[in-house]
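Colleague: Taking our numbering, the leading residue of the sequence shown gets 5, the next gets one more, and so forth. From the three backbone atoms N, C-alpha and C, an ideal C-beta is built for every residue, glycine too. Treat the numbers as computed from the prediction; the structure is a model and nothing was measured.
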Amino acid sequence: MEQIKCLILGSGPAGYTAGIYAGRSGLNPVIYEGLQPGGQLTTTTEIENFPGYPDGVDANEMMDDLRRQAERFGAEIRPLIATKVDLGEYPYTITFDDGSEVQCLTLIIATGAAAKYLGLSDEEKYKGKGVSACATCDGFFYRKKTVAVVGGGDTACEEASYLAGLAEKVYMIVRKPFLRASESMQKRVKENPKIEILFETNTLGLFGEDGVEGVHLVHRKGESDEKIYDLPIDGFFLAIGHKPNSELFSKWLEVDELGYIKTTGMTPCTALKGVYAAGDVADPLYRQAITAAASGCKAALEAHRFLQE
Ligand code: NDP
Numbered sequence: 005m006e007q008i009k010c011l012i013l014g015s016g017p018a019g020y021t022a023g024i025y026a027g028r029s030g031l032n033p034v035i036y037e038g039l040q041p042g043g044q045l046t047t048t049t050e051i052e053n054f055p056g057y058p059d060g061v062d063a064n065e066m067m068d069d070l071r072r073q074a075e076r077f078g079a080e081i082r083p084l085i086a087t088k089v090d091l092g093e094y095p096y097t098i099t100f101d102d103g104s105e106v107q108c109l110t111l112i113i114a115t116g117a118a119a120k121y122l123g124l125s126d127e128e129k130y131k132g133k134g135v136s137a138c139a140t141c142d143g144f145f146y147r148k149k150t151v152a153v154v155g156g157g158d159t160a161c162e163e164a165s166y167l168a169g170l171a172e173k174v175y176m177i178v179r180k181p182f183l184r185a186s187e188s189m190q191k192r193v194k195e196n197p198k199i200e201i202l203f204e205t206n207t208l209g210l211f212g213e214d215g216v217e218g219v220h221l222v223h224r225k226g227e228s229d230e231k232i233y234d235l236p237i238d239g240f241f242l243a244i245g246h247k248p249n250s251e252l253f254s255k256w257l258e259v260d261e262l263g264y265i266k267t268t269g270m271t272p273c274t275a276l277k278g279v280y281a282a283g284d285v286a287d288p289l290y291r292q293a294i295t296a297a298a299s300g301c302k303a304a305l306e307a308h309r310f311l312q313e
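Shown next as structure tokens:
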């Protein structure tokens, strides 16, 4: 069986940065791209807060740059998805969606996180027919139409602003009486005449013949002035946060109550020798591209140190 010195799962900022550092340390890293090559950033538009880009940078362009940088230092990139891991015996064995199996001496888990849904049966019913968790992927279909974005964080504001550039009207469905997003993001949506924020509002369901034609909403649920009403919309976008992609590993590694892989102190080290968790899969707090990149760097440094010992 092929034996890899440093196997990296995931191709977001954490995975590619781990690849850059591991490559420069002579570990011949192999990066398995996973479900979403380039990671979550490829579903956004512009990155304005990654140091080194004073004028902002297109998200896909930045991920291409990181990929090329990892390849420049010898990282091999394979377009496969891990389906099974066996961390019970060292060296560890990983199985991929093409049926291939490899062994690895060190494993960097940088599998990121995935968008959360509300859990309504209608979300499944209308998935791909008006329900989406990615405005930049699907916004194009809603030119001059009416859409709603659920959530009040930075992602929701970003998605609403992006959609406002295409759609006729954008509603934000926010369960609290305020937005959680940063001041600058809040300002951006509040000043956009196409965006209307529906505070203290929850979604009960969706309706429509072949696709979404509207949403059932409740305002001030459980209060004396509770109001249930329908709002006609063509698209329903989720932006309520993410859950870590840690299912494959939870049998072998400790995860917290939300599923984030637990690491030791300030390091990406897990309780298993040679296994590291970097980026959003292990970060319930910051979840930024730059913090993910930094933890990918730390993981590669730890892997190098471990192999030297
Ligand atoms: P957040 O966790 O920050 O926000 C999630 C939003 O969804 C909150 O408004 C939350 O409401 C709402 N929500 C969660 N669950 C439900 C539910 N079941 N029903 C209705 N509403 C719900 O997630 P984000 O994805 O927005 O951001 C994650 C991190 O990424 C943050 O640290 C953010 O700052 C960062 N980020 C930064 C960007 C930038 O700087 N350009 C862009 C995008 C993200 P409530 O407030 O009531 O909990």
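#1: When we look at the beta-carbon of Gln7 and count the other beta-carbons within 10 Å, is it buried (16 or more) or exposed?
#2: Starting from Phe310 and walking both ways along the beta strand (DSSP E), at which residues does that stretch end?
#3: Using CA coordinates, which residue listed in Met66, Asp90, Ile232, Tyr130 is at the minimum distance from Gly43?
#4: Starting from Val193, trace the alpha helix (DSSP H) in both directions and tell me its first and last residue.
#5: Given Glu127, which residues of its chain have a CB within under 6 Å of its CB, disregarding the five upstream and five downstream residues?
#6: Quick one: residues in its chain with C-beta nearer than 6 Å to the C-beta of Ser29, no 5 flanking neighbours on either side, listed in chain order?
#7: How would you call Asp284, buried or exposed, if buried means at least 16 neighbouring beta carbons within 10 angstroms?
#8: Since Ala139 and Glu163 are thought to touch, with beta carbons under 8 Å apart, how far apart are those beta carbons, to the nearest angstrom?
#9: CB Lys247 to CB Glu258, shorter than 7 Å?
#10: Residues bridged to Leu221 by DSSP?
#11: Where does Leu45 sit, in a helix, a strand or coil, going by DSSP?
#12: Do Ala79 and Pro33 count as a contact pair if the criterion is CB distance below 7 Å?
#13: Express the C-alpha separation of Arg82 and Val106 in angstroms, rounding to a whole number.
#14: Name, in chain order, the residues that DSSP records as bridge partners for Glu105.
#15: Helix, strand or coil for Glu258 per DSSP?
#16: Pop quiz: Ala315 and Ala18 are said to be a contact at Cβ under 8 Å. What is the actual Cβ separation, rounded to whole angstroms?
#17: Please go through the stretch 58 to 82 and give each complete alpha helix (DSSP H) segment of 4 or more residues, from N-terminal end onward.
Modeller: In short:
#1: With fewer than 16 other beta carbons inside 10 angstroms of its own, Gln7 counts as exposed.
#2: Element bounds for Phe310: not the beta strand (DSSP E) but the alpha helix (DSSP H), 293 to 312.
#3: Met66
#4: 187 to 194
#5: Tyr121, Val135
#6: His308
#7: In the assembly as shown, Asp284 is a buried residue. Its beta-carbon has 16 or more other beta-carbons within 10 Å.
#8: With 8 Å as the limit, Ala139 and Glu163 qualify as a contact, their Cβ atoms being about 4 Å apart.
#9: no
#10: Thr207, Tyr233
#11: Helix.
#12: Against a cut-off of 7 Å, the Cβ pair of Ala79 and Pro33 comes out as a contact.
#13: Val106 and Arg82 have their C-alpha atoms some 12 Å from each other.
#14: Thr99
#15: Here Glu258 sits in coil by DSSP.
#16: Not covered by the structure: residue 315. The range shown for the chain is 5 to 313.
#17: If we require 4 residues or more, the alpha helix (DSSP H) runs fully inside the stretch 58 to 82 come out as 63 to 76.
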